[in-house]
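Asks: Sending over a structure as structure tokens; questions will come in a sec.
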Amino acid sequence: MSLCKIRLQEERKQWRKDHPFGFFARPRKSEDGSLDLNFWTAGIPEEYPSKPPKVQFPAGFYHPNIYPSGTVCLSILNEEQDWRPAITLKQIVLGIQELLNNPNPDSPAQEASWKAFSKDKALYEKKVKEQAKRYANAS
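When the letters of the sequence shown are read in order and numbered with my numbering, they come out as residues 1 to 139.
Encoded structure:
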């Protein structure tokens, strides 16, 4: 069994015992019914934990640190910045939660939301609430 699969199985056990409040994560099932531990909401490369997962929101997600493509701009997900193999999926989820709650104005990934966040907090908050309602109604 690959290092990636071993690590993901262990992280799944840990997640089931202790995960951040309000979060859930389940791997999808393969066609044969087995659990596909390499794809969650994030794509897990076979080289994990040597390489970070690829985490995306839907394209067009409104946030200063989310690229228009939906890719999350977070240093712990970047091999050339702060990624380390010891970082767990739980730490990534908590990092994304922190980023959503407290955008980093020093690392903008999309102009419109960054400008609103930096210069017009009321507009920014309004758009975030509208987006939250859209996603809540979609699920």
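For every residue, glycine included, the Cβ atom is placed at its ideal position computed from N, Cα and C.
Any idea which residues DSSP pairs THR71 with across the strands?
Replies: GLN56
Asks: Roughly how many angstroms separate the alpha carbons of GLU47 and ALA122, rounded to a whole number?
Replies: Their backbone Cα atoms lie some 42 Å apart in a straight line.
Asks: Could you tell me if SER113 is buried or exposed, where buried requires 16 or more neighbouring beta carbons within 10 angstroms of its beta carbon?
Replies: buried
Asks: Could you tell me if GLN91 is buried or exposed, where buried requires 16 or more neighbouring beta carbons within 10 angstroms of its beta carbon?
Replies: exposed
Asks: Using a threshold of 8 Å, state whether the C-beta atoms of GLY70 and ALA59 are closer than that.
Replies: Yes. Within cutoff.
Asks: Does the Cβ-Cβ distance between GLU79 and PRO52 come in under 8 Å?
Replies: The Cβ atoms of GLU79 and PRO52 sit closer than 8 Å to each other.
Asks: Mind checking which residues open and close the alpha helix (DSSP H) that includes GLN110?
Replies: Run containing GLN110: none; DSSP gives neither H nor E here.
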